[in-house]
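Engineer: Going by the numbering used here, the sequence shown wraps up at 116, each residue one higher than the last.
For each residue, glycine too, the CB sits at the ideal point set by N, CA and C.
Predicted model, so just to flag it, every value in this text is computed and none were measured.
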Amino acid sequence: MAKPRKTSTRRAVLSYDHYKDLWKGVGIVLPDLLVEDYQGILQDFIFTSDEIDLIDIRVTKNESDIVELQDSHYPNLASQVQFLQQQIDGLPEFTIDTTGFTFDSTEITFDKVIA
Numbered sequence: 002m003a004k005p006r007k008t009s010t011r012r013a014v015l016s017y018d019h020y021k022d023l024w025k026g027v028g029i030v031l032p033d034l035l036v037e038d039y040q041g042i043l044q045d046f047i048f049t050s051d052e053i054d055l056i057d058i059r060v061t062k063n064e065s066d067i068v069e070l071q072d073s074h075y076p077n078l079a080s081q082v083q084f085l086q087q088q089i090d091g092l093p094e095f096t097i098d099t100t101g102f103t104f105d106s107t108e109i110t111f112d113k114v115i116a
């Protein structure tokens, strides 16, 4: 299981003006679109991280049900695989004889066109 993260720490991001001022303080002026892109990407990351956390919580809470479901269906799947393997074993084997195939490349030319 992943280590729990706090959404509040993820949301402690810099505002648009704070981010620009931070870079101006070290002598770098960032274009407005770059700052907006950064904030958009960061918001997408935060949203995706929150969704992953929700999935992790749901799986953790339902772990015993998932294992029980897996265990209850495993014998059925194993018997189906065994049945299919028996069917495959009973089929004739197919081989392709490629000894009669030849390739004649004498008619292929590569002409250089000079303009």
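Short check: CB of K21 to CB of V36, under 8 Å?
Structural biologist: yes
Engineer: Using three-state DSSP, classify G26 as helix, strand or coil.
Structural biologist: Note: G26 maps to helix in three-state DSSP.
Engineer: Whole angstroms are fine: how far does the CA of Q44 sit from the CA of V27?
Structural biologist: 25 Å
Engineer: Does M2 come out as helix, strand or coil in the three-state DSSP assignment?
Structural biologist: Annotation note: pLDDT 47 at M2 (below 50); position unreliable, coordinate value reported separately. Correct three-state label for M2: coil.
Engineer: If the criterion is Cβ atoms closer than 8 Å, does the pair Y17 and Q40 meet it?
Structural biologist: Cβ distance < 8 Å, so Y17 and Q40 count as in contact.
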